[in-house]
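Undergrad:
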Amino acid sequence: MILTESVTSLIAKIQDNPRLRLGVLLIIGIIWLYGLLILRDESRLAASQYQTVAKKVARLQAEANQSEWAARVEPVRALQLELESRMWHEGTIGLAQATFQDWLNQAVQQSNLVRAVVSVAAQEDNTQDKNTAVKTPPAPNPDIWKVSAKIGFDFTPKGLYALIGRLEDHDKQIIIESLVVRSLPLPRADMVLVAYFQKPSGPEKAIGANNGNTTAVRP
0 MILTESVTSL IAKIQDNPRL RLGVLLIIGI IWLYGLLILR DESRLAASQY QTVAKKVARL
60 QAEANQSEWA ARVEPVRALQ LELESRMWHE GTIGLAQATF QDWLNQAVQQ SNLVRAVVSV
120 AAQEDNTQDK NTAVKTPPAP NPDIWKVSAK IGFDFTPKGL YALIGRLEDH DKQIIIESLV
180 VRSLPLPRAD MVLVAYFQKP SGPEKAIGAN NGNTTAVRP
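Under numbering that gives the first Met the number 0, the first residue of the sequence shown carries the number 0, and numbering increases by one thereafter.
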């Protein structure tokens with residue numbers, strides 16, 4: 000009972016005192032900004048760890064070609080299989096781009112993001128189209144397609160956390176390359192995501208990817 004009266008009294012003071020109300024809003028804003036900084040640091044750390052593991056696999060594969068490192072072939076293959084199990088797979092770069100965009104459209108809808116726009120661009124080998132919606136650096140491996148996506152939406156903490164949760168829970172790896180939140184004129188968030196697709200090993204019919212697909216997703 001005493002606790003309820005104290006809470007009621009505190010709420011009344013906040014409502015009657017503009018300075019106190021402004022101070023409370025400022026504290027909430029600082030906590031919210033701190034949370035965004037933590038998410039950004041975690042996404043950069045995950046991307047760095049992925050690149051480190053990929054370089055390690057490439058180095059071990061080169062060492063396995065030498066006779067004195069024959070005993071290490073099986074560990075290298077096990078690590079490669081583990082990495083490949085988390086990679087996406089499609090027959091062509093065009094299908095890779097379409098698959099990633101379809102999944103992102105569903106994730107955006109399930110996260111109830113408002114005024115969401117999804118732009119997807121695929122990268123093959125060391126080429127880059129200047130007209131793509133999302134500029135991407137050269138792929139780290141010629142056997143991999145790098146597909147980048149830019150998602151813009153009206154920012155709410157609930158919507159952002161819901162989308163990040165779906166990215167983390169997916170059985171295939173999706174890397175958050177950047178996250179930018181603007182407060183003016185309206186709270187708006189922009190994310191750049193990356194998915195790596197394993198190229199098929201056998202012969203295939205080449206199908207080129209579009210320069211960039213953009214879709215507006217309605218929740």
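Even glycine gets a Cβ: it sits at the ideal position worked out from N, Cα and C.
With a threshold of 6 Å on Cβ separation, who are the neighbours of L103 within its own chain once the five nearest residues in sequence on each side are excluded?
TA: Here residue 103 is taken as the residue at index 104 of the sequence shown, counted from 1. Here the set comprises V117 and A148.
Undergrad: Can you tell me whether R58 is helix, strand or coil according to DSSP?
TA: If you number the sequence shown from 1, residue 58 lands on position 59. Helix, per DSSP.
Undergrad: Compute the Euclidean distance between the alpha carbons of I163 and K198, then round it to the nearest angstrom.
TA: The residue labelled residue 163 in the question sits at position 164 within the sequence shown. The residue labelled residue 198 in the question sits at position 199 within the sequence shown. I163 and K198: Cα-Cα distance of roughly 26 Å.
Undergrad: I believe K145 touches V191 by the beta-carbon criterion, under 8 Å. Please report the beta-carbon distance rounded to the nearest angstrom.
TA: In the sequence shown, counting from the first residue as 1, residue 145 sits at position 146. In the sequence shown, counting from the first residue as 1, residue 191 sits at position 192. No, K145 and V191 are not in contact; Cβ-Cβ is about 12 Å, not under 8 Å.
Undergrad: Once the 5 residues before and after F196 are set aside, which same chain residues still bring their CB inside 7 Å of it?
TA: Here residue 196 refers to the residue found at position 197 when the sequence shown is read from its first residue. Same-chain partners within the cutoff: M86, W87, H88, E89, A95, I143, W144 and V146.
Undergrad: Taking the alpha helix (DSSP H) that K157 falls in, what are its first and last residues?
TA: Here residue 157 corresponds to residue number 158 of the sequence shown, with the count starting at 1. Looking at the DSSP string, the run of the alpha helix (DSSP H) that includes K157 is P156 to D168.
Undergrad: Could you tell me if L36 is buried or exposed, where buried requires 16 or more neighbouring beta carbons within 10 angstroms of its beta carbon?
TA: By 1-based counting over the sequence shown, the position of residue 36 is 37. Per the 10 Å Cβ criterion, exposed.
Undergrad: What are the partner residues of F152, as DSSP defines its beta bridges?
TA: For the purposes of this step, residue 152 is taken as residue 153 along the sequence shown, with counting starting at 1. Bridge partners of F152: A188.
Undergrad: Label G28 either buried or exposed according to how many other C-beta atoms from any shown protein chain fall within 10 Å of its C-beta, with 16 as the threshold for buried.
TA: Walking along the sequence shown from the start, residue 28 turns up at place 29. Classification of G28: exposed, given that the 10 Å Cβ count is below 16.
Undergrad: Where does Q122 sit, in a helix, a strand or coil, going by DSSP?
TA: Locating residue 122 in the sequence shown gives position 123, counting from the first residue. Strand at Q122.
Undergrad: Over the uninterrupted beta strand (DSSP E) stretch that includes L112, give me the two end residues.
TA: Reading the sequence shown from its first residue, position 113 is the one you call residue 112. No beta strand (DSSP E) contains L112, which DSSP labels as neither H nor E.
Undergrad: First and last residue of the alpha helix (DSSP H) that includes L178?
TA: Here residue 178 refers to the residue found at position 179 of the sequence shown. Looking at the DSSP string, L178 is not in any alpha helix (DSSP H); the run it does join, the beta strand (DSSP E), is I174 to R181.
Undergrad: Whole angstroms are fine: how far does the CA of L166 sit from the CA of F152?
TA: Sequence index remark: in the sequence shown, residue 152 carries index 153 (1-based). Sequence index remark: in the sequence shown, residue 166 carries index 167 (1-based). Going by the C-alpha atoms only, they are around 16 Å apart.
Undergrad: Locate the alpha helix (DSSP H) running through R85, then write down its first and last residues.
TA: The count along the sequence shown starts at 1 and reaches residue 85 at position 86. It is not in any alpha helix (DSSP H) - R85 carries neither H nor E in the DSSP assignment.
Undergrad: For G158, count the other beta carbons within 10 Å of its own beta carbon; 16 or more makes it buried, fewer makes it exposed. Which is it?
TA: Within the sequence shown, numbered from 1, the residue matching residue 158 stands at position 159. By the neighbour-count rule (16 or more Cβ atoms within 10 Å), G158 is buried.
Undergrad: Here's a check: name, in chain order, each residue in its chain whose Cβ is nearer than 7 Å to the Cβ of A106, leaving out the five neighbours to either side.
TA: For the purposes of this step, residue 106 is taken as the residue at position 107 of the sequence shown. Hits under 7 Å: L162 and R165.
Undergrad: Could you compute how far the alpha carbon of V72 sits from the alpha carbon of A115?
TA: For the purposes of this step, residue 72 is taken as residue 73 along the sequence shown, with counting starting at 1. For the purposes of this step, residue 115 is taken as residue 116 along the sequence shown, with counting starting at 1. Distance between the alpha carbons of V72 and A115 is about 46 Å.
Undergrad: Quick one: using the 10 Å Cβ neighbour count with 16 as the cut-off for buried, is T91 buried or exposed?
TA: Residue numbering aside, residue 91 sits at position 92 when the sequence shown is read from its first letter. Per the 10 Å Cβ criterion, buried.
Undergrad: May I ask you to verify whether the stretch 42-61 touches the stretch 167-177, counting CB pairs closer than 8 Å and requiring at least 3?
TA: In short, these stretches touch, since the Cβ pair count reaches three.
Undergrad: Compare the Cα-Cα distances from R181 to each of W31, L59 and N111 and report the closest residue.
TA: In the sequence shown, residue 181 corresponds to position 182, counting from 1. Residue W31 is the option with its Cα nearest to R181.
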